[in-house]
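Protein chains in written order, with my numbering: chain A, 1 to 364; chain B, 1001 to 1212.
Take a look at the structure below.
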């Protein structure tokens, strides 16, 4: 089975995305990230309007936000990446707070609980039941829905319930974690398919870059994959992702860790249409392993916070020069915190604009 | 004796708890000095594990099974070490700071310090400043080690140091910090005594702070 090549909108050669964290939004726009932010449709729509307006006020000249946004029926926020739905469906208590992403409180399940785990009828489990009731209300008001939810990842979600034994069992007793993660994989895809029935996207809530691609990809969060070796990934995680990719396409991977290139040859076997390239990776090597795949190059939010504009400009140039052919490339920074100098964000925008112009001058 | 020591060391690196236990027992029965087993087999093995991690050869699973193998050996060795009055390298109070539930990095540092013969008081994750203060007062530790994964929880490190100052116990301990978003600059800025970028470097830093 081959991967699906996605198309970019014509005016979006080399798309750029910023995703600010709740602390940034809380300080810059006064938005609170309590339970209602995620679960109450009216609050969600009101905040969506504020967020689009604030983005326009700050970065409108670079294509962000809208000058006069109208309310729209978003089924999840399109401007933050808080993954709580999958852990909540698994039974985790979620801690919401005003200026932080929702945090699933860790639970330590017994081995027997892990072995017995299976989920069905997820539409009637919290929070999907509450979300779906809200979506039905929005559909009555607007006639359609848009946007999506963050659907998390296998290792990330499993760790909340399995604890550190998850990692050691991958070496000593792999059947248990693999079975558990296979069940979580089914849950993730079941959830994504429910969203897909309602909306035109499934993973803007993982990375806003998904909004620039058509068809918009499903993106699986491999945040924790950098903690296991590429060999362990190949043996135990890759088969699970291959199963997931059979159920939903186009399929993408969110790899925010270092050295994406060491995993890329395995990602190529999923099959894959979209791949995020974590900071401190080698985009050129990733491209060799993933020809034709849309590569979303990640800037470091920590460097954005701490470095000078000149250093950030060099970061952007390094990524884009390494990737060479930019026709299937985007660049983003996720989880930008309050205190990040706006000069750095503007520098990213201006550097990307320069590459776009250079491309236009060359290609006409 | 050398063969047994080497077997134990290799078994620690391989995460083979059964071999570690069997050979620690055998080495003790042969009359090997417990401190030699500790230093030349267990600590040396974990030091190599730390280096392999730093070099990108080992990942979290390999570290965890090695640490477990070390723990299995220490359960046999510890009574002998106590009897021989072998002192630990120092006592470290460790925790992920308030607001932050991420504990993998903290656990790795904790197990590497334990592998280097430090006594560990692990306060867990989401630890409020007052809990660090309380532990410092009660435990007689030489080091407080704090972890944070999020830029939003980094300020809790500064708050914790302030709480230690306010409680009049800051001078009793050295404070070391670590976590993905941190840097030497941040460590200096908040008045910590040192920053380590990974678990292996944390061991070196802890030893340096104890020696200072």
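Using N, Cα and C, we set each Cβ at its ideal position, and we do this for glycine too.
How is the alpha helix (DSSP H) around residue i delimited, first residue to last?
i: residue 43(A); result: 41-59
i: residue 1185(B); result: 1184-1190
i: residue 114(A); result: 111-116
i: residue 1019(B); result: 1017-1029
i: residue 1140(B); result: No alpha helix (DSSP H) contains residue 1140(B), which DSSP labels as neither H nor E.
i: residue 264(A); result: 261-267
i: residue 159(A); result: 154-162
i: residue 1060(B); result: 1060-1083
i: residue 1120(B); result: Careful: residue 1120(B) lies outside any alpha helix (DSSP H), inside the beta strand (DSSP E) at 1118-1122.
i: residue 168(A); result: 165-172
i: residue 1040(B); result: Careful: residue 1040(B) lies outside any alpha helix (DSSP H) and carries neither H nor E.
i: residue 318(A); result: 309-323
Measure the C-alpha to C-alpha separation of residue i and residue j and round it to an integer number of angstroms.
i: residue 1206(B); j: residue 1143(B); result: 7 Å
i: residue 344(A); j: residue 210(A); result: 23 Å
i: residue 1088(B); j: residue 1136(B); result: 18 Å
i: residue 1023(B); j: residue 1076(B); result: 10 Å
i: residue 73(A); j: residue 42(A); result: 9 Å
i: residue 128(A); j: residue 35(A); result: 14 Å
i: residue 65(A); j: residue 54(A); result: 7 Å
i: residue 1019(B); j: residue 1069(B); result: 8 Å
i: residue 978(B); j: residue 309(A); result: With chain B covering 1001 to 1212 only, the question about residue 978(B) has no answer from this structure.
i: residue 1036(B); j: residue 1072(B); result: 17 Å
i: residue 222(A); j: residue 1044(B); result: 33 Å
i: residue 186(A); j: residue 271(A); result: 17 Å
i: residue 56(A); j: residue 67(A); result: 6 Å
i: residue 160(A); j: residue 237(A); result: 17 Å
i: residue 1054(B); j: residue 1198(B); result: 7 Å
i: residue 10(A); j: residue 356(A); result: A caution first: residue 10(A) carries a pLDDT of 42, below 50, which makes its placement in the model unreliable, though a value can still be read off. For residue 10(A) and residue 356(A), the distance between alpha carbons rounds to 12 Å.
i: residue 1109(B); j: residue 1189(B); result: 22 Å
i: residue 1049(B); j: residue 163(A); result: 21 Å
i: residue 1201(B); j: residue 1174(B); result: 16 Å
i: residue 1169(B); j: residue 1130(B); result: 12 Å
i: residue 316(A); j: residue 77(A); result: 27 Å
i: residue 204(A); j: residue 60(A); result: 20 Å
i: residue 1177(B); j: residue 1079(B); result: 32 Å
i: residue 1133(B); j: residue 1118(B); result: 20 Å
i: residue 126(A); j: residue 91(A); result: 8 Å
For residue i, go through chain A and note every residue whose CB falls closer than 8 Å to its CB, in chain order.
i: residue 1025(B); result: Per Cβ cutoff of 8 Å: no residues; residue 1025(B) is ~21 Å from chain A at best.
I want to verify the contact list: residues of chain A whose CB lies under 9 Å from the CB of residue i, in sequence order.
i: residue 1159(B); result: Ordered by position in chain A, no residue passes the 9 Å Cβ test against residue 1159(B), which lies about 15 Å from the chain.
i: residue 1088(B); result: What residue 1088(B) touches in chain A: nothing, since even the nearest Cβ is about 23 Å away.
i: residue 1183(B); result: 302, 306
i: residue 1015(B); result: 168, 171, 172
Taking the DSSP output, what are the residues bridged to residue i?
i: residue 95(A); result: 103(A)
i: residue 16(A); result: 331(A)
i: residue 128(A); result: None, per the DSSP bridge assignment.
i: residue 1096(B); result: 1147(B)
i: residue 1176(B); result: 1145(B), 1194(B)
i: residue 221(A); result: 254(A)
So which residues of chain B does residue i contact, with C-beta pairs closer than 8 Å?
i: residue 102(A); result: Those do not exist, as residue 102(A) stays about 11 Å from chain B at its closest Cβ, beyond 8 Å.
i: residue 193(A); result: Those do not exist, as residue 193(A) stays about 29 Å from chain B at its closest Cβ, beyond 8 Å.
i: residue 105(A); result: 1101
i: residue 21(A); result: 1151, 1152
i: residue 232(A); result: 1059, 1061
Locate the beta strand (DSSP E) running through residue i, then write down its first and last residues.
i: residue 349(A); result: Segment 342-363 is the alpha helix (DSSP H) holding residue 349(A); no beta strand (DSSP E) there.
i: residue 298(A); result: 294-299
i: residue 187(A); result: Not the beta strand (DSSP E): residue 187(A) falls in the alpha helix (DSSP H), residues 175-198.
i: residue 1048(B); result: Note, residue 1048(B): premise wrong, no beta strand (DSSP E); alpha helix (DSSP H) at 1044-1054.
i: residue 276(A); result: 274-277
Taking residue i as the reference, which of the options has the closest Cα?
i: residue 329(A); options: 351(A), 287(A), 225(A), 219(A); result: 287(A)
i: residue 261(A); options: 230(A), 149(A), 243(A); result: 230(A)
i: residue 215(A); options: 70(A), 362(A), 200(A), 205(A); result: 200(A)
i: residue 375(A); options: 189(A), 114(A), 333(A); result: The requested residue 375(A) is not part of the displayed model; chain A covers only 1 to 364.
i: residue 109(A); options: 98(A), 83(A), 138(A), 166(A); result: 166(A)
i: residue 292(A); options: 326(A), 320(A), 281(A), 306(A); result: 326(A)
i: residue 255(A); options: 340(A), 156(A), 247(A), 184(A); result: 156(A)
i: residue 1004(B); options: 1013(B), 1026(B), 1208(B); result: 1026(B)
i: residue 96(A); options: 62(A), 234(A), 39(A); result: 39(A)
i: residue 424(A); options: 1115(B), 1074(B), 1150(B), 1113(B); result: For chain A, the structure presents residues 1 to 364; residue 424(A) sits outside this window and is missing.
For residue i, return the contacting residues in chain B, with the cut-off set at a CB-CB distance below 7 Å.
i: residue 168(A); result: 1061, 1064, 1065, 1068
i: residue 305(A); result: 1151
i: residue 337(A); result: 1151, 1152
Please list the partners that residue i has in chain B, where partner means a Cβ-to-Cβ separation under 9 Å.
i: residue 87(A); result: Residues of chain B passing the Cβ test: none, with the nearest at roughly 11 Å.
i: residue 150(A); result: Neighbours of residue 150(A) on chain B: none; closest Cβ ~16 Å, over 9 Å.
i: residue 227(A); result: 1059, 1060, 1061, 1104
i: residue 111(A); result: Chain B residues near residue 111(A): none, gap ~16 Å exceeds 9 Å.
Say the cut is 7 Å; is the CB of residue i nearer than that to a heavy atom of the ligand GTP?
i: residue 149(A); result: This structure lacks the ligand GTP, and indeed carries no ligand of any kind.
At a Cβ cut of 8 Å, what residues of the stretch 1100-1124 of chain B count as close to chain C, listed as they run along the chain? Given the protein chain composition of this structure (A and B), no chain C is represented.
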